[in-house]
Each structure stands twice: as C-alpha cells, then as structure tokens.
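The end of the sequence shown is residue 334 by the numbering used here, with every number in the run present.
Heads up, the beta-carbon is just placed ideally off N, CA and C, and yes, glycines get one too.
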Amino acid sequence: MAPPTGLNCRNRIPPLEPFEQYEHSKDVDPSFPSLLKEGTKISDIAVSIGAKVTGVQLSQLDDKGKDELSLLLAQKKVVVFHDQDFATIPIQQAVDFAGYFGRLHVHPVSGAARGFPQLHMHSDVSYELQPHGTTMLSAIDVIESGGVTLFVNQVKAYERLTPGFCERLAELKVVHSAYEQAQTALGKGGQLRQDPITSVHPLMSDGLLNFIYHHIALSHDVQCRFKWSGRSVVVWDNRVTAHSGLMDWKGPRYRYIARLAAQAEVPTEYDPMSLTRGIVYVTGRSSPIRAAQLQIRY
C-alpha cells in the first residue's frame, strides 16, 4: 500500500449510521481449500493465540479465500502474513480488500491519508456503536529491532475469572470514552460533539478496571508477540483480542504502519444466569496495555 501524499487532518465526517454486519465465517469449509492451498504452511505463534501463514498473497485471495480467512481468525484470533505486496499495491485495492469484511471505520478525530479517510494508525474505538471486527495492519516502514506488537486472547483471559466475578461484571455498565482523543483534536483546532453520560463512581470503577487491566497484561501464556518486517501484514479479530505496541527502541526512529478496520456488529449484553449469547465489553481510559478492552465473545 504505497503511502499517499500528505495527511488530511481536516476531514469533516457525519455520525456513523447503523448497518447490518455479515459474518463471513459462516458456512465455510473448515479445511480452508481456498486459503491454504498446496504449498502453503500454517504454524502456531503461541498455544492460545496466533498463527503464521506462509505461501499466501492476501491481495490475490478470492471471496472464498477471504471467507476462510474469517474462520481462521475466529479460531486463531490473530493471523500473521509475511512477504505481502500491500506496501506497493494501489491504496484503493487494499481498501477494497479490507472492505469485504465490513464497512471500513473512519476515525472521528485523528488525521488520515489525504483522499483515504479509512486509513489510520492503529487505535481502539470501543466507543463506537459498532466497534472494529476484522482489523489489519500493513507495514510500510519498520525498524530493525524492537517495536513488536503484543496480542492477548481475551476469551482465555475471561475464562480464568471466577464465576462469581463474571456475574459481578455482567451487572455493571461502563462508559466507553473518546475524551482524551477528542481533547487532543481540540488542541489541534478540531471540533467536538458531546453527548450526555450517566454518573460515574471513580473509586470503585478504577479499582475494578485496574484489576482487569493487570489481569489481561499479566496473563502471558495467552499472549503472542509479533515482530514486524518490511512486508508484514497482521490481521486480527478486534472483538476478542487486545493489543499493544511496545515502544522499546532507542533514538529518533519511527515506524509507519497503515491500518484498515472493518466495523462489526453492535455488541449485546450477556447475562451469565441465562442462555443469552452475546458480548460483554469492559474498557477504560488507560491501562498497562494501551486501550485495553475485555471483550468476551460467546
């Protein structure tokens, strides 16, 4: 995905309208005949999360291959592909590829590539009515050492909580806030739209959220690390994972990575005392892993 000329920090976008998300992993052949053809290899990155696939060029996948990729994401949560051509193909081709998985998200406050508001560095936007589902990052320029990206399987993290604690979480509601991002945008001359929220009890909520953040960050055996190369693409299911970039390199170095994120379904509440199936979200402003989210999918 060749980088466009300049950034547009003055996009004016209307509020997103609801849409019906189609889950492409349904009715897919679990042997992955279109994705994992002869000559391809797949290996686990970690026991609980992550897989690396070689011998596949994502930009050449047909619709069946993309559907099978959705199923593989549901199983592995994170899938890594090296030696991809996303850094050189036309941007519109990359946009079309990611758009197959759902309506592409346009970040409400941050700058984007001129002419392509769907492209943006990675961030978590759980405050949207329909948060990200299938999300991908494509390397444009990376550093030689350091700067890995950490992913955690939050389904496994949730399964380690006691039943009583899970029931307690299900009784609570959380405000998903874009306050810090909005304040940064205001400082750069942006505009702010505010909506009313309910009252907050910071002492109780901060203690509970900090426990969850530490639980996610310290569950090392349900995490995987991804080392970037110049032609890497990583695809993940944002609904059931959390991720963080490690800024551990020295000197004035930068890495440039393009993000494309397809929005998913509207999250639904989950009652552990019933047979309801859905998603539970818990999030906060900051954590040991950036924008950590407890997103539990049943």
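Coil, strand or helix - residue i by DSSP
i, result
"D63", "coil"
"A193", "helix"
"G75", "coil"
"L208", "coil"
"F137", "coil"
"G86", "coil"
"D121", "coil"
"I176", "strand"
"V161", "coil"
"F187", "strand"
"G91", "coil"
"G169", "strand"
"D132", "helix"
"D99", "helix"
"P153", "Because P153 sits at a pLDDT of 44, beneath the cut-off of 50, its placement in the model cannot be relied upon, and the point is left open."
Closest by C-alpha distance to residue i, when choosing among the options
i, options, result
"G182", "M283, R295, G75", "M283"
"Y136", "T304, R204, G169, T90", "G169"
"S95", "K192, M172, K62", "M172"
"V131", "E301, L296, V302", "L296"
"H60", "K113, D103, F122", "D103"
"N189", "T76, D63, D80, G86", "G86"
"F68", "P288, K100, F262", "K100"
"I179", "A82, P54, R267, Q57", "R267"
"A278", "V302, V269, I293, H250", "H250"
"F80", "E56, L71, V114", "The sequence given here has Asp at residue 80, not Phe. That would be V114, whose Cα lies nearest to the Cα of D80."
"W264", "A175, Q129, P126", "A175"
"V191", "Y163, P288, I248", "I248"
"V269", "Q259, E164, K88", "K88"
"Y163", "A123, L97, K73, R275", "R275"
"V302", "F262, G138, Q128", "G138"
Rounded straight-line distance, which links the Cα of residue j to that of residue i
i, j, result
"D119", "E203", "45 Å"
"L206", "R291", "The amino acid occupying residue 206 in the given sequence is Ala; Leu does not appear at that position. One C-alpha to the other measures close to 39 Å."
"S213", "L245", "14 Å"
"A110", "D273", "7 Å"
"T90", "Y194", "31 Å"
"V211", "H256", "27 Å"
"A134", "S280", "21 Å"
"W285", "V184", "10 Å"
"F117", "V92", "8 Å"
"V161", "I293", "18 Å"
"I166", "A300", "In the sequence as displayed, the identity of residue 166 is Gln instead of Ile. Their Cα atoms are separated by approximately 6 Å."
"G75", "L197", "41 Å"
"D242", "L254", "18 Å"
"S106", "Q57", "13 Å"
"I252", "H141", "26 Å"
"Q129", "V271", "16 Å"
"E53", "L208", "27 Å"
Which residues DSSP lists as bridging residue i, in chain order
i, result
"V116", "K88, V270"
Item checked: Unbroken stretches of the alpha helix (DSSP H), 4 residues or longer, contained in the segment 240–298 -> none
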